[in-house]
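Beneath this line is the structure, given in structure tokens, with notes to follow.
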Amino acid sequence: MSGYDRIKEYLGRLRKEVAQIRFRTGLILAVVLFVLLVFLVATLEGFFYFSPQVKKFAVGILFVVLGGVVAGNILVSFAIFRGWTERYSDRKLAELLMSKYGKIGQRLINVIQLNEQIPSLKRGVSSALINVYTQEVADELEGVPIENVVDSSPVRKAGIFLAVVIFIVLAVTGYNFRFYKAALTRLKNVRTEYEFPLPFTILSLKGNTQVLYGDTLDLSFEIKGKLPKQLFLSVKFPDHAILDRIRVEDSVVTYELRNLRETAFYEAFVVNKNIFRRWSRISSGVDTIRVISRPEILEYSFEVIPPPYTRLEKAVYQSSNREVRAYPGSLIGVNILANKEIEEGKAIFKSGKVYPLKVKKNKGKFDFRVRENDEFLIKIYDREGIDNISPIKYVVELLKDGYPSVKVLSPRGNFELNESMVVPLGVKISDDFGFSACNIVYRFLNKVENLDTFKVAFPIKEKTLPLQELYYDWDVGSLGIVPGDEMEFWIEVYDNDVVSGPKRSVSRKVFVRYPTIVELFSQVSEAEDQMVDEARDILEEVQESKKVLEEISLKLIKENEIKWERKVQIERELKKTKELGERIKKLSQKLDEVIQRSKENLLFNEEILSKLARLQEAFEQIMTPELQEAMEKLKRAIESMDKEEIARALQNFKINQERFEKELDRMLDIFERVKIEQAVDEMVKRINDMVKNQDSLSRILEGADSLRNTAMLRLANEEEKIGYDMTSLEDLMKTTLEDMQKFPVMPSEELNNISEEIKRMDIASDLNEAASSLRNMNPKKAFNRASSAADKMHSAANMLEEFQKTFKVRTMEEVLVDFQNILSHALQISKEQEKISGSLKDISYGSDKIQDIMVQQSWNVENLSKLLSELSSLSGKTFAVSPRVGKYIGQAYSKMRSVLRNLQEGSVAVSRRDAREALRSINDCSLEIMFSMENLLSGGQATGFKEYLKRLQQLASQQEGLNQETMKLGLGGEGGRLSLQRLAARQMQIKRALEQLQRQMRGNPDQVGDLSGIVKDMEKVIEDLKKNRVLRKTIQRQQRILTRLLDAQKSIRAQGYKKKRKSRTGQDVVRESPSLPSDYGEKSSLLRENLEEALSKGYSADLEKVIRKYFEILSTEEEKSEK
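Residue numbering for the sequence shown follows this note's numbering, beginning at 1 and increasing consecutively.
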């Protein structure tokens, strides 16, 4: 056998081994498939209970599949054995051998390739060598075992897989043995039909049923067989569905359906979740619930009509709101709309009330009145008597008509009653709907015999306004209040609730006291003492500041440049001066408060109040514009750090500061005098008040037998109080006497004599004994002592009243003497100045008389300085000195100095003019002094305006009548134009009268402003009326004229009481001076004209005598000059 044949034989054996392994593996897998198919069919039979046809088909398929798999395995194995497949060809087997043994397999592949190519080899290739090579390969193959070449592991793996499958199938069938046994039995009996058994059935006991609308239905289900753990209930409505789980504990299961309103379909069922059970769902079947309609309220509304006192509009609440809110007493109407016709209905309230409904078809209504919070429901019935189920519950909530509130706006705290006996009340009241009443409730606190409360109506004009601020001047003068009484009051307010009754609220309590005159005077005196002390402190600080500034001035002269230290010092003094001005301003405010308090309580007469008002105004104006300007210039100068500029500004500031100091010192002197005058007035008022009280007590004690013990004790207390006031009066006299001794002219000796006489009377002893007798219930003895004290008090009062007159006369005489001396001095200066003016008329430059004239002018300058000193002294005693006096003296002084300077320079013509100007200023000064004397003689600053007031009232009345006629007439025809001309003439008369009144009051320091503004308006009105036109502006001007005339009267009445009511003229009144004219030949004629002009001003007889004397002196000097 050749080597190649041996190789072929070896490969055949190898292929056979491969075919055997493939056959065995396929056979094992066929068994696995058979087992799985049998298991699958048995499982399906267990679940589905196949019919005989299905079972036959399934078994047939089982055997067909098994036969096909076995046959296919045999064919494949035979094809491998025969080598029909490329996968198991010689070359593939050689490659398999190469994968195991490498080199042998490669050589085998070479041999196969060489033997396949032998027929096609070319000549020259040795076939012997091929055979040898083939023989060697064959020999090598003999040593390779076939079992080592072929892999037999697939057989082993298939066997293991079969074992696993058999194990799993046995485990599953063992777990459900009965299931698979029954299934295999049914499969075995292919031709037999088997039925599927259910574990239980569900039966609906209600079935198809019907129920009333809104009722509750109990569904029942019976379970036959094995009870499941739970079942499901499905209820389907038209627009929604219910799926609920029911726990099964018995064979009969129930379920409650509430408030059924729609037809529904229902069923009970159980769903199988076990895959090993044949059934999927067991149901009771779908049944129907048909709902029979009940009557039902589809819509409702509430109409609320509030009680009339609320003045509220009616309100309507629609179906969206089940809660209705209303005030007590409101009428509520309820309207409903049902889904069907109703036979009857009723509203049932929680409070127990029942209201029948008025029904009509499917509508119903009723009404009720609200008294309390409540709830109600509405029951309706159809024609079959079926009612509505679960009716809506409606809530009636009572709105609260709150309590009114009241707040006292004024007085803000405790209140002190003054002589007006008026308590100015301001209250703020509020309520929901208005008020029915407001009262002032008061009671006395210190009247033991009467502690009851009393009421006074507080007027309300508009009781329907919910929020108001009311103001009312409560006059308590009729309540019998006397000084020292105390009371408290509060405000009570009632709302207008007529349903539940008016509700009441009260305010805080306000304490009211009517202070005694002693207390009032003590308060004023204490306040003024504090002001004086404060003013003296300010004066001392001003003086200290002067010293500091003087030192700074000296250092500035020595230093070459401004040091920072000087700058800081000057700034500090400026700041200090500003602060002093603020302190004085506060003093002015305090003094204004004192004036107001004194005026309200009628503590002082008008003259004293006028002086206090002038003093207050002086304090307010002490920081003059010149001083403020000087401070501002000094401030700018120190910012520039220019030494010369600072020196000039500092000097200017020092001058104004000096004036500030003198003015403050002058005001202090006047203040001291005014305080003494106040004290004298106070003594008279206090003694008169005590006389009045003591006379009243004496009259009561005269019939004291009928008095109760409590009344006697009260009288005893009042007697002791009068005794205390008497002692206090003696102390006041002592203090006033000490103050008077500072001023020698004042009648201190007379006051000392009166004081000693009053002490000798020992009035306090009588009063104390009367009080002691009253406490011992001995009214007769008390009456005797009280009468004695009253007689002595009358005597003391007469003495003090006489002393007051003496004091006024002595004070007036002192001032008048000073005025007369000053006037005489002024006339003398005028006389000398006239001589100088006359001497300058006939001289020329270089005249020998110039030196003599300069000496005369120097003497006159010195006399003018003395006059200024005298005026300064007088201004420390009275406010009667007009500010224009100082102005004219300043002008005269300036012109006299100018005369001297121009004469030195040889300017005779200029000196002649300045001399005439100086004479004119001196003459104006003399006239102003006479005007001041006239005011003083006419009754003082506070009373000199009585005639002026009366005349202003007449002019205001005339202007008011003219205004009314003008408005009535308006624009008209020819008759209207004639009337307008008449009205123009009347306006002209009023204008002339006002101008004359102004001229008469010229120079009076108390004149209230300049009325020239009124005159200008009058001129424009006259112009309009003459042009026959009445425009809106014409009416407005006339109204403004009347308003200003009335305001002028009010200002004069309040002159000195309010610091801002004081006014000044905007311009100086220009008058023709009685100085000598330049035309010497007409001098006498001009003097007579000036005399006539002066006498035509309407001055008093005394002043006319002074004026005549003055012009007589001028005339005499003129005649001497002519001779």
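The beta carbon of each residue, even a glycine, is placed where N, CA and C say it ideally should be. Fair warning: this is a prediction, and the values are worked out from it, not measured in the lab.
Report the rounded CA-to-CA distance for residue i versus residue j, giving the unit in angstroms.
i       : j       : result
GLU1117 : LYS831  : Low per-residue confidence applies at GLU1117: pLDDT is 46, beneath 50, and the placement is therefore not dependable enough to give any value.
GLN958  : GLU606  : 28 Å
LEU800  : MET933  : 28 Å
ILE1041 : ASP1017 : 7 Å
GLU661  : SER894  : 23 Å
LEU1086 : ARG912  : With a pLDDT of 49 at LEU1086, under the threshold of 50, the modelled position of that residue is not reliable, and no figure is offered here.
GLN523  : ASN688  : 19 Å
ILE28   : GLY159  : 6 Å
ILE1014 : ARG986  : 15 Å
VAL270  : ASP387  : 38 Å
SER234  : VAL155  : 59 Å
LYS599  : LEU612  : 11 Å
VAL408  : PRO483  : 25 Å
LEU697  : LYS759  : 22 Å
SER1084 : SER858  : Residue placement at SER1084 cannot be trusted, given a pLDDT of 46 that sits under 50; the coordinates are not used to answer.
GLU416  : ASP485  : 11 Å
GLU561  : ASN923  : 49 Å
SER293  : TYR317  : 28 Å
ARG666  : GLN953  : 36 Å
Grab the span of the beta strand (DSSP E) containing residue i for me, first residue to last.
i      : result
LYS346 : 344-349
TYR355 : 354-356
ALA326 : 323-326
GLU384 : Counting along the chain, GLU384 falls outside any beta strand (DSSP E), and DSSP gives it neither H nor E.
Residue i by DSSP, collapsed to three states: which one?
i       : result
PHE237  : coil
PHE458  : coil
GLU672  : helix
ALA338  : strand
ASP1024 : helix
TYR213  : coil
GLY1098 : Note that GLY1098 scores a pLDDT of 49, beneath 50, so its modelled location is shaky; the value from the coordinates is reported in the next line. Three-state result, GLY1098: coil.
ASP367  : strand
ASN446  : coil
LEU231  : strand
GLN468  : strand
GLN941  : Residue confidence is low: GLN941 scores 41 on pLDDT, short of 50, so the model does not pin down where it sits. No coordinate-derived value is stated.
ASP497  : coil
GLU267  : strand
TYR1128 : The question about residue 1128 has no answer, for the chain in this structure spans 1 to 1123.
Tell me which residue opens and which closes the alpha helix (DSSP H) that residue i is part of.
i      : result
ILE282 : Looking at the DSSP string, ILE282 is not in any alpha helix (DSSP H); the run it does join, the beta strand (DSSP E), is 281-283.
ASN798 : 779-841
ASN176 : Taken as a continuous stretch (DSSP letters only), ASN176 belongs to no alpha helix (DSSP H), as it is neither H nor E.
LEU549 : 517-558
PRO883 : 883-905
MET761 : 748-761
Can you round the beta-carbon distance between residue i and residue j to whole angstroms, since I take them to be within the 8 Å contact cut?
i       : j      : result
ILE223  : VAL248 : 7 Å
LEU668  : ALA535 : 6 Å
ALA42   : TYR180 : 5 Å
TRP1125 : VAL441 : The requested residue 1125 does not occur in the structure, where the chain is confined to residues 1 to 1123.
GLU372  : SER351 : 7 Å
VAL211  : VAL304 : The Cβ separation is near 39 Å, so there is no contact.
Flag this pair as yes or no: are the beta carbons of residue i and residue j separated by less than 8 Å?
i      : j      : result
THR736 : ALA679 : yes
ILE836 : ASN860 : yes
SER284 : PHE221 : yes
LEU767 : ILE929 : no
TYR355 : LYS346 : yes
THR263 : ILE289 : yes
LEU465 : GLY434 : yes
ILE889 : LEU874 : no
SER330 : VAL370 : yes
If you measure from the beta carbon of residue i to each beta carbon in chain B, is any gap under 8 Å?
i      : result
LYS360 : The question asks about chain B, but that chain is absent: this structure has only one protein chain.
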